[in-house]
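Read left to right, the sequence shown gives residues 37 to 461 (our numbering). From the three backbone atoms N, C-alpha and C, an ideal C-beta is built for every residue, glycine too.
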Amino acid sequence: MNVLLLGSGGREHALAWKLAQSNGLDTLYAAPGNPGIAAHATCVALNATDHAAVVAFVKDHDIGLVVVGPEAPLVDGLADSLRAEGVPVFGPSKAAAQLEGSKGFTKDLCRRADIPTAGYVRVNTLAEAQAALATTFGLPVVIKADGLAAGKGVTVAFTKAEAEGAIADLFSVPGAEVVIEEFLEGEEASLFVLTDGEALLPFGSAQDHKRVGDGDTGPNTGGMGAYSPARVLTPGLEQQAIDRIVRPTVDTLRAEGMPFSGVLYAGLMLTEQGPKLIEYNARFGDPECQVLMLRFQGDLLAVMLAVAEGRLAELPAPDFSDDPALTVVMAAAGYPGTPKAGGAIDAIDDAEATGAVVFQAGTRMDGEQLVASGGRVLAVTASAATVGEAQAAAYRAVDAIRFPDGFCRRDIGWREVAREAGTEL
Ligand code: AMP
Ligand code: GLY
């Protein structure tokens, strides 16, 4: 079967790498792809916002499955345009992708389905926001832009001034929609669950590091590293999260006529009262996907096709290696501000000779030279018997790479490494 993969990041490189190992794959096309993805796929220029062009490409190239990597085309309804033409798609409809596209939509759904999450109000004006801050919430308080914001729309405000600054910022844009939330305390973990709208298949867990600096300091990013599994999400807590959060979400969406098909990425806070939903994403995480794919032992194409065709109930539980995997993101200097473009990257082969897998994100070829072309540039990924060993293996590979304009955190996985070593505070 021919497959079209949409996207160009480290997540899509990991998906391409795994799809390329599937028995049923003939040709993998990627749009737009990147130089790393090009090792596994034929990269083509296709504008995902031009639905007619994507549909035409699918017909011309006998594509049997379209895999949508990032959220924007899903929120934009690309999966609907393809399904309308009878094309199997891995990824939810526009209506179901509101789980990621509108935080207010998700909070209202949690209220209807009695799903544990932070208390909240939706506000549409600065005055409403100020009133809610004054009457309903203490500190800290969490302030979120309703729509997609590439990881930048959330402020956890510890002072009144920060909270007021955040709402003033958001309402400086006309027509802003904002959610104000109770602050949840606990450790975060991400749970991935495949669903075809009815059946559920838990598909691994991970923890990521959102802050740019060591010790989880500095501004938020799309994610500077991750590891899988998230052992804090014990089998008992995972079952609670499925029974109280994911199952009611999937059932409610189906009952309301917008079944979710694809992967649900539940961002959870493990609180003293049990897991609570922080947010949903409607696609795999980046860089969480990189560690999941390193651990997944099955046939990704077969699994994604079963999701797309509504046959998920037929599949056995997925086979994940017991060995944890860990990924370190190498970013371009300046990230998460304006990243320095064009920096040369060498010796990826040397890094992979250590046994690691180097997934490419923001890269491009400049003649014969691989160079940086984005904020997050590489995801250097390794697995081993323990998180500590996987961390050491990933940093050995990082240290083999020559990317003078790049940087990375040196402490990815620190919580779990400390737990393994028994030195947790
Ligand atoms: P999001 O972009 O929604 O993933 O939020 C970014 C980060 O903000 C999350 O990973 C959490 O660390 C934090 N966050 C979001 N909502 C809450 C909340 N209600 N309580 C505490 N932290 C939160
Ligand atoms: N790593 C966080 C995300 O993919 O949203």
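In chain order, which alpha helix (DSSP H) runs of at least 4 residues are fully inside the stretch 361 to 440?
384 to 389, 423 to 436
Does any heavy atom of the ligand GLY sit closer than 7 Å to the C-beta of residue 62?
no
DSSP three-state call for residue 207: helix, strand or coil?
coil
May I ask which residues mark the beginning and end of the beta strand (DSSP E) holding residue 244?
236 to 244
Whose C-alpha, out of 112, 99, 61, is nearest the C-alpha of residue 477?
Past the edges of the chain, shown from 37 to 461, lies residue 477, and the structure says nothing about it.
Quick check on the DSSP output: the alpha helix (DSSP H) that includes residue 228 runs from which residue to which?
Counting along the chain, residue 228 falls outside any alpha helix (DSSP H), though it belongs to the beta strand (DSSP E) covering 223 to 231.
On the CB-based measure, 16 or more other CB atoms within 10 Å of its CB, does residue 438 come out buried or exposed?
exposed
Reference residue 464, options 154, 281, 253, 61, closest by Cα
Only positions 37 to 461 of the chain appear in this structure, which leaves residue 464 out of reach.
When you compare each of 145, 305, 208, 236 to residue 292 by their alpha carbons, which one comes out closest?
145
Taking only heavy atoms of the ligand AMP into account, decide whether any of them is closer than 7 Å to the Cβ of residue 169.
no
Nearest to residue 214 (by Cα), restricted to the options 191, 197, 220:
191
Tell whether a beta-carbon distance below 8 Å holds between residue 83 and residue 400.
no
Opening and closing residue of the beta strand (DSSP E) in which residue 264 lies
261 to 264
Taking just the CA atoms, how far does residue 129 sit from residue 297?
8 Å
In the DSSP assignment, what are the bridge partners of residue 312?
305
Are at least three pairs of beta-carbons, each pair with one atom in the stretch 222 to 229 and one in the stretch 299 to 316, less than 8 Å apart?
yes
Take residue 179 as the anchor and find which of 171, 123, 189 has the nearest alpha-carbon.
189
Would you tell me roughly how many angstroms separate the C-alpha atoms of residue 358 and residue 457, rounded to the nearest one?
18 Å
Count the other CB atoms within 10 Å of the CB of residue 373; is the residue buried (16 or more) or exposed (fewer)?
exposed
Would residue 109 be called buried (16 or more neighbouring beta carbons within 10 Å of its own) or exposed?
buried
Where the beta strand (DSSP E) through residue 25 begins and ends:
For residue 25 there is no data in the structure shown, the boundaries of the chain being 37 and 461.
When the Cα of residue 67 is compared with those of 59, 52, 56, 58, which residue comes out closest?
52
My output table needs one value for residue 459: the three-state DSSP class, helix, strand or coil.
coil
Provide the residue(s) that pair with residue 153 in DSSP beta bridges, ordered along the chain.
313
So residue 212 is in the beta strand (DSSP E); what residue range does that whole segment cover?
That residue, residue 212, is in no beta strand (DSSP E); it is neither H nor E in DSSP.
Run through DSSP, which three-state label would residue 344 get?
helix
To the nearest angstrom, how far is it from the Cα of residue 18 to the Cα of residue 240?
Limits of the chain in this structure are 37 at one end and 461 at the other, which puts residue 18 out of reach.
DSSP state of residue 180, grouped into three classes?
strand
What residue range does the alpha helix (DSSP H) around residue 162 cover?
162 to 171
Is the CB-CB distance between residue 73 and residue 107 below 8 Å?
no
Output needed for residue 268: all residues of its chain with C-beta closer than 7 Å, excluding positions within five of it in sequence on either side, in chain order.
223, 225, 306
For the alpha helix (DSSP H) that residue 354 lies in, which residues bound it at each end?
Counting along the chain, residue 354 falls outside any alpha helix (DSSP H), and DSSP gives it neither H nor E.
Touching by the beta-carbon criterion (3+ pairs, under 8 Å), the stretch 442 to 454 and the stretch 273 to 287:
no
For residue 305, verify whether its CB is less than 7 Å away from any heavy atom of the ligand AMP.
yes
Where do the ends of the alpha helix (DSSP H) carrying residue 288 lie?
283 to 291
Roughly how many angstroms separate the alpha carbons of residue 423 and residue 396, rounded to a whole number?
22 Å
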